[in-house]
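Undergrad: Going from the sequence shown to this note's numbering is simple: count from 1 and add 573.
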Amino acid sequence: MRTHYDVIVIGAGVIGCSIAYHLSKRGKSVIILEKGSTAGKASSAAAGMLGAQTELEEDSPLFRLGKQSRTMFPDLAADLKSLTGIDIEYEKNGIYKVARTEEQVVRFQSLINAQNQLGEETHWVAAEQLQKGEPALSTDVLGAMYIPNDGQVSATKLTKALAQAAVTLGAEIREFTEVHRFVKEGVEIKGVETNSGLNRAEHVVVAGGAWSETLLKEAGVNLETYPVKGECFSVKTRKRLINGTIFSDDCYIVPKAGGRLIIGATERPGLFDETVTLDGISRLMEAAKKVVPGVGEAEWEKAWAGIRPQTKDALPYLGEHPELKHLFVATGHYRNGILLAPVTGEVIADLIDGIAIKKDWNSAFQMNRIPVQVQ
Ligand SMILES: Cc1cc2nc3c(=O)[nH]c(=O)nc-3n(C[C@H](O)[C@H](O)[C@H](O)COP(=O)(O)OP(=O)(O)OC[C@H]3O[C@@H](n4cnc5c(N)ncnc54)[C@H](O)[C@@H]3O)c2cc1C
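1. Lys875: beta carbon under 8 Å from a heavy atom of ligand 1?
2. Within a Cβ cutoff of 6 Å, which residues of the same chain sit near Asp933, ignoring the five residues on either side of it in sequence?
3. Decide if Met574 is buried, meaning its Cβ has at least 16 other Cβ atoms within 10 Å, or exposed.
4. Quick check on DSSP: helix, strand or coil for Leu924?
5. Under the three-state reduction of DSSP, which class applies to Phe646: helix, strand or coil?
6. Under the three-state reduction of DSSP, which class applies to Gln939: helix, strand or coil?
7. Please indicate yes or no: does the CB of Tyr663 lie closer than 8 Å to some heavy atom of ligand 1?
8. CA-CA distance, Thr767 and Leu684?
9. Report yes if the C-beta of Glu804 is less than 8 Å from at least one heavy atom of ligand 1; otherwise report no.
10. Select from Gly609, Ser616, Gly724 and Ala744 the residue whose C-alpha is nearest the C-alpha of Arg536.
11. Are there any heavy atoms of ligand 1 lying less than 8 Å away from the beta-carbon of Ser769, as far as the coordinates show?
12. Give me the Cα-Cα distance between Asn816 and Val827, rounded to the nearest whole angstrom.
13. Can you tell me which of the three DSSP states Gly803 falls into?
14. Measuring alpha carbon to alpha carbon, tell me which residue in Lys790, Ala709 and Glu751 is nearest Val902.
15. At a cut-off of 8 Å, would you count Lys809 as near ligand 1, judging by its Cβ distance to the nearest heavy atom?
16. Kindly list the residues whose CB is nearer than 6 Å to the CB of Val756, restricted to its own chain and excluding five residues on each side of it in sequence; keep chain order.
17. Exposed or buried, Pro708, counting other C-beta atoms within 10 Å across all chains shown (16 or more means buried)?
18. Consider the C-beta atom of Ile880 and the heavy atoms of ligand 1; say whether any pair is separated by less than 8 Å.
19. Within the continuous alpha helix (DSSP H) that includes Asp852, where are the two ends?
20. Distance check for Ala937 and Met858, CA to CA, integer angstroms please.
21. Would you call the CB atoms of Tyr663 and Gly918 closer than 9 Å?
22. Excluding five sequence neighbours on each side, which residues of the same chain lie with their C-beta closer than 6 Å to the C-beta of Ile604?
23. Leaving aside the five residues before and after Leu900 along the sequence, list all residues of the same chain whose C-beta is less than 6 Å from its C-beta, in chain order.
24. Using the rule of at least 16 other Cβ atoms within 10 Å of the residue's Cβ for burial, across every protein chain shown, is Lys665 buried or exposed?
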């Protein structure tokens with residue numbers, strides 16, 4: 574069995590799989606080590622929204638990272654289809670950020686002005702017009718900020734397609750293989766120890782989602798991250814009830830293929846527990862019925878929970894450890910890991926190849942922006 578690679582990627586979530594895909598495209602020998610199964614954690618819990626302007630809102634390095642990633646989806650969807658046959662269900666179907674209070678009307682209209690000034694497409698849709706385009710919306714909705722360029726994918730299919738494409742290009746994936754510690758020689762990381770032996774590599778990338786911090790502690794590295802539990806559920810309708818995604822302050826409703834709707838998501842900081850609770854789901858149900866009353870008539874499908882990786886300053890970590898050589902980290906994508914997966918794969922592949930990334934991304938997402946301790 575081969576034990577030496579150019580790059581070891583830890584974690585087969587959307588982030589690890591995207592990194593492996595980009596590196597494999599560049600001819601690197603890559604192995605993904607995954608303690609469970611591919612797309613088994615947050616990446617299959619996600620609703621799959623590509624909410625670059627919906628979720629990130631104001632100009633910042635993260636906003637620009639999200640927008641860059643969003644532009645990568647059309648080509649990525651085509652490439653993944655031709656490499657793997659998997660359709661990631663990419664749709665640029667727009668997101669309506671709906672206002673139910675006068676305060677939200679004012680807030681969203683000023684957000685529209687700010688985003689228009691940045692050259693971003695978004696406009697206000699008044700209640701009457703909104704009812705014509707989306708008749709299933711409650712008449713209580715006062716209007717919406719419409720973002721035509723935000724869209725969606727199937728999060729699970731995206732993750733599995735990235736993994737399969739990486740394998741088609743030569744990568745290996747070893748599931749049920751937990752990384753316990755790093756092989757360190759002085760300040761250089763040379764590989765990892767797993768439950769099934771030692772693997773060596775020129776570079777090691779930690780893409781372990783909310784569990785990255787636990788693993789990095791083994792190397793004496795303290796990251797400032799924490800888990801945020803999220804619950805979701807899905808229902809089925811005979812006809813597609815809504816065309817665009819409906820995003821309100823209390824929930825979102827994402828229309829999927831075949832009349833499915835994904836409704837999410839709760840936020841419970843500090844929890845690693847993946848159980849579905851009656852409280853969480855009933856709160857989402859009430860919130861969903863307030864914006865799209867017809868949801869109450871839909872057929873129940875299922876509910877689930879996942880753990881988002883969040884950081885103290887709400888920015889992902891994308892970069893090489895400042896002191897431990899050849900150790901890279903890509904985590905902390907919080908609510909936007911599906912959106913940010915393509916650009917993250919490219920950024921980490923560039924860094925490993927020694928290609929400079931955009932200056933503002935380098936300083937905003939580098940590991941030592943918050944002092945990272947090495948014991
Ligand atoms: C309910 C919910 C809804 C969401 N909706 C959206 C959305 O609509 N749009 C969007 O962009 N984002 C969304 N997100 C966020 C998105 O899902 C995450 O940001 C993203 O999946 C994080 O990907 P990841 O690869 O970092 O983590 P994960 O998918 O959690 O993958 C990490 C992997 O690393 C493995 N691992 C960890 N430690 C080790 C180890 N020591 N050895 C080996 N393997 C290890 C884990 O087993 C896991 O498989 C949502 C999240 C949730 C929970």
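No residue lacks a Cβ here, since even glycine has one placed at the ideal position from N, Cα and C. A quick note: this is a predicted structure, and the numbers were derived from the prediction, not measured.
TA: Let me lay it out:
1. no
2. Pro634
3. exposed
4. helix
5. helix
6. coil
7. no
8. 48 Å
9. yes
10. As displayed, the chain neither begins before 574 nor continues past 948, which places residue 536 out of reach and without an answer.
11. no
12. 9 Å
13. strand
14. Lys790
15. no
16. Lys763 and Gly764
17. exposed
18. yes
19. Leu851 to Val864
20. 37 Å
21. no
22. Tyr578, Ile581 and Glu745
23. Ile762, Val777 and His894
24. exposed
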